[in-house]
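A short worksheet on the structure shown next.
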Amino acid sequence: MPFARTHLVIALAVGALISAVLLVLEPLTDFAFLWLEWPGITAAYFFWGAVGGSTFLGIAICWVVNALIYGLGAFVILSAFKVLREA
């Protein structure tokens with residue numbers, strides 16, 4: 020199972036990178052890619068409505084949720100490549 024753990028770490032790093040790039044691109048593209056961030060924005064909105072936290076914490080929640088979502092997608096792709104390579 021060390022390969023699964025390695026793939027999980029790689030996938031989470033890819034998800035974090037994608038999420039960071041999306042957050043940086045928001046103001047530069049006039050929010051053209053905002054639809055790619057809906058899972059994180061929704062989670063941040065629910066958090067903000069529930070406890071009224073700071074904006075910085077909402078952005079951090081948005082980044083983490085998007086990193087997990089995109090990391091899950093990267094993990095599925097890496098696992099599929101591993102299965103195809105073994106076959």
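Counting from 1, position 67 in the sequence shown corresponds to residue 86 in our numbering; the numbering is continuous, with no gaps. For each residue, glycine too, the CB sits at the ideal point set by N, CA and C.
For residue i, three-class secondary structure by DSSP
{"i": "F52", "result": "coil"}
Residue span of the alpha helix (DSSP H) that contains residue i, given as start and end
{"i": "A32", "result": "P21 to L47"}
{"i": "S98", "result": "T74 to E105"}
{"i": "G68", "result": "W57 to V70"}
Cβ distance (whole Å) where residue i is taken to contact residue j below 8 Å
{"i": "E56", "j": "L41", "result": "5 Å"}
{"i": "V84", "j": "P58", "result": "6 Å"}
{"i": "I80", "j": "F66", "result": "5 Å"}
{"i": "A93", "j": "A30", "result": "4 Å"}
{"i": "G34", "j": "A99", "result": "Going by Cβ atoms, the distance from G34 to A99 rounds to 16 Å, so no, they are not a contact pair."}
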